[in-house]
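Here the working numbering = 1-based position in the sequence shown + 786.
Here a beta-carbon is modelled for each residue, glycine too, at the ideal position from N, C-alpha and C.
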Amino acid sequence: MKKTLILGIGNILWADEGFGVRTVEHLNKTHQFDENVTLMDGGTQGIYLVQYVEEADILVVFDAIDYGLEPGEMKLIEGDNVPKYMGAKKMSLHQTGFQEVLMMADMLEHYPSHLLLVGVQPVELEDFGGSLREKTQQQIEPAINAALDWLKQFDIHATKRLETIAQEDSLSGHEVSMDNYENNRPSAELASRTGDDRVIHSKAFHIEYKPYPLEQEDTISCDVDHRGKY
């Protein structure tokens, strides 16, 4: 039987960037598969996912992707086009990491025979600790249905769960499961979305500028994540 990996990637701490994780979490909550199908919360693990991708004959990836479409719009990408979209307009370092995962799997000649990316154009990313926006959350079910329909061509079928899964069987763990996370999020007054005002405006908080004496031939390089602004 063909080994199949259904993977959700992204960061649940940054609003719609958690779409992929929340989608595979919901799929695991509502459906079950045969033993040859693995559902995984890949989070932001990046290159550490290569061992799992190598083992897969069929790979389905859920993620928030900057397609340049209307916010909340879903788009499916297949086969060799997937790596291009994962790295075209990077919104987060996890996408660079997963693009490298696919490249490494290809170099090691253990690349999935069939690959599907189910991506949704995010509505909001700049909200630390934020929830999925309504338009994005509404695409969870359509994204799951699209993936399940695509898998049928390989004779891979899911069955609806008759009973709610136990908390310990949740992919993400009960503490950060979507329902618990959404219902127990502190207010903006208690937990700032952009930075803690209690610290930033405190007299005890200050930044001391210490210039570094550079020689003319010295250079400093750094990686900057602009979160898709440029």
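Where the alpha helix (DSSP H) containing residue i begins and where it ends
i, result
"H812", "F805 to T816"
"D935", "I926 to L937"
"K788", "Unbroken run through K788: none, as it is neither H nor E."
"E864", "Note, E864: premise wrong, no alpha helix (DSSP H); beta strand (DSSP E) at M860 to E864."
"S969", "Note that residue 969 is Asn in the sequence shown, not Ser. First-last of the alpha helix (DSSP H) with N969: M964 to N969."
"Q923", "E920 to Q923"
Residue i - DSSP class collapsed to helix/strand/coil
i, result
"G883", "helix"
"D852", "coil"
"L902", "strand"
"F819", "coil"
"D913", "coil"
"G959", "coil"
"G832", "helix"
"D827", "strand"
"T950", "coil"
"L894", "coil"
"G796", "coil"
"L976", "coil"
"A801", "helix"
Nearest neighbour of residue i, chosen from the options [CA to CA]
i, options, result
"T790", "G804, T830, I844 and F805", "I844"
"P857", "P908, I795, I930 and L976", "P908"
"M787", "T824, K861 and A932", "T824"
"Y834", "I863, K870 and Q885", "Q885"
"A842", "L799, Y871, L888 and Q831", "L888"
"Q837", "F848, Y897 and H817", "Y897"
"G806", "I926, Q939 and D935", "I926"
"D849", "L911, E821 and D820", "L911"
Rounded distance between the beta-carbons of residue j and residue i, thought under 8 Å
i, j, result
"D827", "S917", "With a Cβ gap of about 17 Å, D827 and S917 do not count as contacting."
"Y853", "G905", "7 Å"
"L813", "I930", "5 Å"
"G915", "L799", "6 Å"
Min CB distance residue i to chain D below 8 Å
i, result
"N797", "Checking the listed chains, one finds no chain D in this structure; it contains a single protein chain."
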